[in-house]
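Per my numbering, residue 80 is the first one in the sequence shown, and the count goes up by one each step.
Before any comments, here is the structure.
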Amino acid sequence: MKKARLIIVVAAAFMLLLQNGLKAQGTDYKFHTVFIYNFTKYIKWPDDTQGNSFVIGVLGKSGITNPLKEMAASKTVNGKPIEVKVFNSIDEIKDCQMIFLPSNQSKELAAMRTKLANTSTLIISEKSGLAQQGSAINFVMNDGRWKFEVNQASTDLHGLKISQELLKFALKIYTEV
């Protein structure tokens with residue numbers, strides 16, 4: 080049942096993207112937002128990360144912030160409201176289940192990994208090569224379309240359980256950080 084649901088959700092997301100013509104003409108964060116929300120359904124966080132809300136952080140200014148906030152206004156994760164927080168620096172990052180690292184902040188990945196080493200925070204990035212460097216999920220352009228890669232070693236280090244159903248849709252899966 081879960082597999083069928085995932086296939087339907089992913090197929091619907093891709094249909095939406097195709098209808099809207101989301102190609103390599105620039106970053107339209109609708110794709111990222113749809114998938115970030117769907118990732119929450121197929122990744123399990125440890126019980127100790129359970130709070131009153133599900134927090135998605137964004138490092139610095141990014142075009143994804145408003146689409147994430149719009150999504151958060153109408154969606155929940157496991158019955159909890161979604162809160163989107165913008166962090167202006169690595170030092171400010173705390174208490175989030177996901178953090179988005181925009182391409183213009185990609186040089187901060189190593190510092191972010193150090194800051195979040197003992198947390199259950201999923202790092203999501205959008206620049207080629209960052210999955211190999213330890214980002215848990217990385218959006219990449221492939222044949223004019225946005226796809227995602229997964230670094231399973233990174234998710235394991237953070238105590239996150241990523242479903243096999245989600246892994247089937249990954250462009251690449253890395254097993255080392």
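The beta-carbon is built from N, C-alpha and C at its ideal position, and this holds for glycine as well.
Quantities reported herein were computed from a predicted structural model and do not represent experimental measurements.
Neighbour-count burial assignment, residue i, 16 or more Cβ in a 10 Å radius
| i | result |
| --- | --- |
| Thr254 | exposed |
| Glu228 | buried |
| Met191 | buried |
| Ser214 | buried |
| Ser257 | The requested residue 257 does not occur in the structure, where the chain is confined to residues 80 to 256. |
| Thr193 | exposed |
| Gly130 | exposed |
| Leu246 | exposed |
| Asn145 | exposed |
| Gly136 | buried |
| Asn197 | exposed |
Host beta strand (DSSP E) of residue i (start-end)
| i | result |
| --- | --- |
| Ile169 | Segment: none, Ile169 is in no beta strand (DSSP E) and carries neither H nor E. |
| Glu228 | 224-230 |
| Leu201 | 201-204 |
| Asn221 | 216-221 |
Same chain only: Cβ atoms within 6 Å of residue i, ignoring 5 sequence neighbours per side
| i | result |
| --- | --- |
| Phe133 | Val156, Lys159, Ile161, Gln176 |
| Glu205 | Ser182, Phe218 |
| Ile241 | Ile122, Thr234 |
| Leu236 | none |
| Ser141 | Pro181 |
| Thr119 | Val156 |
| Thr112 | Pro146, Leu147, Met150 |
Beta-carbon contacts of residue i that lie in its chain and below 8 Å, excluding the five residues immediately before and after
| i | result |
| --- | --- |
| Leu209 | Leu180, Ser185, Leu188, Asn217 |
| Ile169 | Leu138, Glu187, Ala190, Met191, Lys194 |
Sequence-distant residues of its chain with Cβ nearer than 7 Å to residue i (five each side left out)
| i | result |
| --- | --- |
| Ala232 | Tyr253, Thr254, Glu255, Val256 |
| Asn167 | Gly139 |
| Trp124 | Gln176, Ser199, Leu239 |
| Gln211 | Tyr253 |
| Leu250 | Val219, Asn221, Lys226, Phe227, Glu228 |
Extent of the continuous alpha helix (DSSP H) to which residue i belongs
| i | result |
| --- | --- |
| Asn131 | That residue, Asn131, is in no alpha helix (DSSP H); it is neither H nor E in DSSP. |
| Glu149 | 144-151 |
| Leu209 | Careful: Leu209 lies outside any alpha helix (DSSP H) and carries neither H nor E. |
Residue i: CB within 7 Å of a non-hydrogen atom of the ligand HEM
| i | result |
| --- | --- |
| Glu255 | Questions concerning the ligand HEM fall outside what the structure shown contains, since it holds no ligand whatsoever. |
### Query
Using 8 Å as the Cβ pair cut-off and three pairs as the minimum, do the stretch 180-195 and the stretch 146-155 touch?
The stretch 180-195 vs the stretch 146-155: no contact.
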